[in-house]
Amino acid sequence: MSDQQTVPVPGRIMAAEMAEQPAVLQRILDEGAPKIREIAAEIATRNPRFVLLTARGTSDNAALYAKYLIEVLLGKPAGLTSMSTTTAYGARPDLTDCLVITVSQSGGSPDLVASTRAAREAGAITLAVTNNADSPLAEVSEFHIDVLAGPEKALPATKTYTAELLALYLFVEGLRGGEGAAAKDLPGLAAGILERQSEVKALAERYRFAQRLVITSRGYGYPTAREAALKLMETTYIPASPFSGADLLHGPLAMVDNVSPVIAIVPDGKGGEALQPVLDRLRGRGADLVVVGQQAQVEAASAGFALPAGVPEEVQPILEILPLQLLAYEVTIARGQDPDAPRALAKVTETH
265 MSDQQTVPVP GRIMAAEMAE QPAVLQRILD EGAPKIREIA AEIATRNPRF
315 VLLTARGTSD NAALYAKYLI EVLLGKPAGL TSMSTTTAYG ARPDLTDCLV
365 ITVSQSGGSP DLVASTRAAR EAGAITLAVT NNADSPLAEV SEFHIDVLAG
415 PEKALPATKT YTAELLALYL FVEGLRGGEG AAAKDLPGLA AGILERQSEV
465 KALAERYRFA QRLVITSRGY GYPTAREAAL KLMETTYIPA SPFSGADLLH
515 GPLAMVDNVS PVIAIVPDGK GGEALQPVLD RLRGRGADLV VVGQQAQVEA
565 ASAGFALPAG VPEEVQPILE ILPLQLLAYE VTIARGQDPD APRALAKVTE
615 TH
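In this text, residue positions in the sequence shown follow my numbering: the first is 265, and each later residue adds one.
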């Protein structure tokens with residue numbers, strides 16, 4: 265037997281966890297959906313007048329996705345909380361008849377726990393969405409949804425993010441009495457996207473020496489732009505700026521020129537239609553435009569990754585992020601870094 269230790273392959277954990285996503289999505293549909301519908305039905309009877317979403321990091325992007333779902337599908341006002349108003353400033357707003365949803369992979373960050381406890385004391389209905397049913401956050405919340413992703417060891421969150429998206433979609437559907445039919449084909453579609461990693465590897469060569477990136481979308485695609493930017497920054501260390509397409513036109517477009525790499529997530533639906541003027545302006549400025557989304561838009565861009573057609577827009581983000589996770593992985597490997605263990609990061613970030 266050799267005395268030499270096996271040298272870990274860079275990115276092997278992240279790669280394995282990305283590959284698990286179709287199985288995780290199927291597990292949620294098979295095992296998690298009944299419990300999610302049960303919780304949603306109980307909360308629906310209490311008819312919350314508005315919804316506040318609390319999260320950090322990757323989970324904050326999942327919360328933003330839920331904000332779109334709640335406002336579009338339920339017609340209820342929804343907002344993202346500023347936890348420091350409670351944890352640092354001691355504010356205690358009246359949250360009677362408000363639903364507070366706290367999203368966290370670990371459920372362990374002290375500020376999430378403290379703000380959720382304060383919300384419950386202020387009269388809110390509190391729901392934790394986590395990957396840890398035994399977490400402090402689950403304990404202080406009135407209701408809890410387990411996203412059933414299994415242990416996630418790579419520092420960049422991948423499978424927990426898509427699991428949170430699906431769990432939140434099913435919950436919002438449950439609030440309006442739906443079964444979440446739009447999600448039934450997602451596991452198979454996700455598997456098909458992940459099998460196209462060679463396409464993403466070819467795209468990654470464009471960004472191996474990039475100094476900065478701009479990522480844009482609108483509507484349901486905007487949370488995907490934010491999550492893609494986060495994944496690229498934490499793994500590749502390339503500064504990546506995510507913008508709503510509307511915000512990009514209000515000034516930041518000035519920094520885009522004919523050598524600027526821009527990634528646009530173009531949903532198949534109203535979000536993609538709203539993004540069209542932005543795409544036209546980017547092309548007019550000669551930007552190096554890569555599109556993730558509609559086939560026609562990919563063909564009109566410098567390069568891209570086409571997503572399956574015919575998927576309802578409200579669940580497209582669960583598929584949109586997959587090639588962008590792969591892109592972060594492939595660019596990081598091409599730059600000689602290990603995506604499993606980005607510098608200066610910890611798996612559980614404890615903020616106060």
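All C-beta atoms, glycine included, are put in the ideal place defined by N, C-alpha and C. Since we're looking at a predicted model, the values are computed, not measured.
Candidates the options: closest to residue i by CA position
i: Ser405; options: Val288, Ile365, Ser373, Ala605; result: Ile365
i: Glu491; options: Ile582, Ala605, Gly414; result: Ile582
i: Ala378; options: Glu416, Ala402, Ala445, Lys495; result: Ala402
i: Phe569; options: Val315, Leu419, Val411, Ala468; result: Ala468
i: Arg254; options: Gln540, Arg545, Tyr425, Ile585; result: The requested residue 254 is not part of the displayed model; the chain covers only 265 to 616.
i: Gly509; options: Glu577, Tyr484, Leu432, Leu419; result: Tyr484
i: Thr318; options: Ala392, Gly354, Ile303, Arg470; result: Ala392
i: Gly444; options: Ser399, Gln290, Arg607; result: Gln290
Inter-residue spacing [alpha-carbon to alpha-carbon] between residue i and residue j
i: Ala287; j: Pro451; result: 7 Å
i: Ala305; j: Gly438; result: 6 Å
i: Tyr332; j: Val595; result: 30 Å
i: Leu591; j: Val554; result: 12 Å
i: Gly371; j: Met282; result: 21 Å
i: Gly442; j: Ala327; result: 20 Å
i: Gly275; j: Leu588; result: 15 Å
i: Asp267; j: Ser323; result: Low per-residue confidence applies at Asp267: pLDDT is 48, beneath 50, and the placement is therefore not dependable, though the value from the model is reported in the following sentence. Asp267 and Ser323: Cα-Cα distance of roughly 42 Å.
i: Lys340; j: Asp375; result: 26 Å
i: Ala466; j: Leu586; result: 15 Å
i: Glu428; j: Val367; result: 8 Å
i: Arg301; j: Thr350; result: 30 Å
i: Thr309; j: Ala564; result: 48 Å
i: Val273; j: Ile597; result: 10 Å
i: Asp511; j: Ala355; result: 30 Å
i: Val464; j: Val520; result: 23 Å
i: Leu232; j: Asn325; result: No information on residue 232 is available, as it lies outside the stretch 265 to 616 that the chain covers here.
i: Pro400; j: Ala352; result: 20 Å
Close beta carbons around residue i, own chain, < 8 Å, minus the five adjacent residues each side
i: Asp449; result: Val575
i: Asp358; result: Ala386, Gly387
i: Cys362; result: Pro312, Arg313, Phe314, Val315, Leu316, Ala383, Gly387, Ala388, Ile389
i: Gln461; result: Leu590, Glu594
Beta-carbon gap between residue i and residue j smaller than 9 Å
i: Tyr486; j: Ala279; result: no
i: Leu458; j: Ala447; result: no
i: Asp552; j: Pro531; result: no
i: Gln580; j: Ala528; result: no
i: Arg476; j: Ala538; result: no
i: Asn522; j: Gly557; result: no
i: Ile292; j: Leu513; result: no
i: Leu546; j: Leu517; result: yes
i: Asp604; j: Pro420; result: yes
i: Ile307; j: Phe407; result: yes
i: Gly533; j: Glu584; result: no
i: Thr394; j: Gln369; result: yes
i: Gly456; j: Pro541; result: no
i: Gly296; j: Leu412; result: yes
i: Arg470; j: Ala567; result: yes
Chain-order list of residues whose beta-carbon lies under 7 Å from that of residue i (same chain, five-residue window excluded)
i: Met497; result: Pro503, Ala504
i: Arg599; result: Arg472, Thr500
i: Ser348; result: none
i: Lys417; result: Ile277
i: Val436; result: Ala330, Leu333, Ile334, Leu337, Leu338
i: Arg381; result: Val404
i: Asp602; result: Pro274, Gly275
i: Ala474; result: Ile502, Pro525
i: Lys495; result: Pro420, Leu588, Gln589, Ala592
Span of the beta strand (DSSP E) around residue i
i: Val393; result: 389 to 394
i: Ser348; result: Counting along the chain, Ser348 falls outside any beta strand (DSSP E), though it belongs to the alpha helix (DSSP H) covering 348 to 351.
i: Phe569; result: 567 to 570
i: Ile292; result: That residue, Ile292, is in no beta strand (DSSP E); it is neither H nor E in DSSP.
i: Val554; result: 552 to 557
i: Gly343; result: 342 to 344
i: Val575; result: Run containing Val575: none; DSSP gives neither H nor E here.
i: Ser481; result: 477 to 481
i: Leu363; result: 362 to 368
Residue range of the alpha helix (DSSP H) that includes residue i
i: Pro587; result: 580 to 598
i: Asp511; result: 509 to 513
i: Ile334; result: Neither: Ile334 is in no alpha helix (DSSP H) and is coded neither H nor E.
i: Leu539; result: 534 to 548
i: Val404; result: 400 to 404
i: Asp375; result: 374 to 385
i: Thr318; result: Thr318 -> not in any alpha helix (DSSP H); beta strand (DSSP E) instead, spanning 314 to 318.
Close Cβ partners of residue i (< 6 Å) along its chain, the five nearest in sequence each way excluded
i: Pro506; result: Ile479, Ala489, Arg490, Ala493
i: Met265; result: For Met265, the predicted model reports a pLDDT of 42, less than 50, meaning its position is unreliable; a value from the coordinates is still stated below. If we look at Met265 and ignore the five residues flanking it on each side, it has no Cβ neighbours.
i: Asp410; result: Ala397
i: Glu284; result: Lys423
i: Thr360; result: Gly387
i: Gly343; result: Leu316
i: Ile303; result: Phe407
Short CB-CB distance (under 9 Å) between residue i and chain C
i: Ser373; result: In the displayed structure, chain C is absent; only one protein chain is listed.
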